[in-house]
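Scroll down for the structure; my scribbles are underneath it.
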């Protein structure tokens with residue numbers, strides 16, 4: 173029986189990503205960096221990178237590590253794909269930050285409202 177969700181596709185992709193991390197013999201950081209390289213090679217859109225933001229944070233990846241991967245693959249995939257990937261990564265991070273800020277504001281408003289009722 174299917175579950176009801178506001179974002180079933182995104183949640184399914186996120187679950188697939190997390191499941192893959194758990195089943196793969198690579199450490200989480202190496203797996204996410206490999207996926208970022210694959211996304212860049214196939215000229216994936218920003219939404220594809222968005223699914224990897226949370227796993228990248230959980231794997232303690234740094235911006236420098238992501239940049240190193242893009243530098244490493246540039247001779248193979250080409251500068252246009254690497255520059256497009258950098259733009260898509262930036263867009264995905266911006267979206268993730270906007271969502272986090274919105275969630276934080278909603279939590280602050282809920283706390284403020286609950287304090288006003290007390």
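Numbering (this note's numbering), first residue to last: 173 to 290. Cβ atoms here follow ideal geometry from the backbone N, Cα and C, with glycine treated the same way.
Residue i, enclosing alpha helix (DSSP H) - first and last residue
i	result
residue 247	235 to 249
residue 217	Looking at the DSSP string, residue 217 is not in any alpha helix (DSSP H), and its letter there is neither H nor E.
residue 188	180 to 195
residue 199	From DSSP, residue 199 is part of no alpha helix (DSSP H); its letter is neither H nor E.
residue 228	225 to 230
Exposure label - residue i; buried when at least 16 CB within 10 Å
i	result
residue 227	buried
residue 282	exposed
residue 271	exposed
residue 211	buried
Rounded separation between residue i and residue j - CA only
i	j	result
residue 293	residue 209	With the chain covering only 173 through 290, there is no way to say anything about residue 293.
residue 203	residue 269	23 Å
residue 287	residue 216	45 Å
residue 261	residue 218	6 Å
Whole-number beta carbon distance between residue j and residue i, since they are thought to touch under 8 Å
i	j	result
residue 223	residue 249	Actually they are not in contact, since the Cβ atoms of residue 223 and residue 249 sit about 20 Å apart, beyond 8 Å.
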